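Start counting the sequence shown at 1; every next residue gets the next number (UniProt numbering). Even glycine gets a Cβ: it sits at the ideal position worked out from N, Cα and C. The structure displayed is predicted, hence computed values, not measured ones.
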Amino acid sequence: MFKHSTKHAKTDWQRVRQEAAYAKPIPFDPATDPYDPNDEQATAEYLEAATVTVRGPGRPRVPVRRPALTMRMDPDLLERLRASGKGWQSRLHQLIREAVDKGKL
């Protein structure tokens, strides 16, 4: 069973109703906003011209997908690479690419 609270709410419902009764215009800046939300015709025209885009879940697909690679590495070397911070795999990829381009690998 529910107990009724003996405390009174602090919301001033009369003030809330009065503010809701006023039709305050929505702020609109023609320099940044695509249409005036207070103008029904402008709103209808904007929504009529709008296109709906539906994306699937997950990340967007990349044009060239990199294949996964498994390799063995000395633990101390792997620890130092990971300690270098976020993006260590991308930096390692760039180092290998530079070595291959220079003919070292």
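P57 and H8 have their C-alpha atoms roughly 46 angstroms apart. Spatial neighbours of L77 in its own chain (CB-CB distance under 8 angstroms, excluding positions within 5 residues in sequence) are not present.
Under the three-state reduction of DSSP, I96 is assigned to helix. For V64, no alpha helix (DSSP H) encloses it, and the DSSP letter there is neither H nor E.
Excluding its 5 nearest sequence neighbours in each direction, F28 has C-beta neighbours in its own chain below 7 angstroms: D36, P37 and N38, listed in chain order. Put simply, the backbone Cα of E79 is about 42 angstroms away from that of V54.
Look at R82 here: in three-state DSSP terms it is helix.
Following the DSSP letters along the chain, one finds T51 in no alpha helix (DSSP H), marked with neither H nor E.
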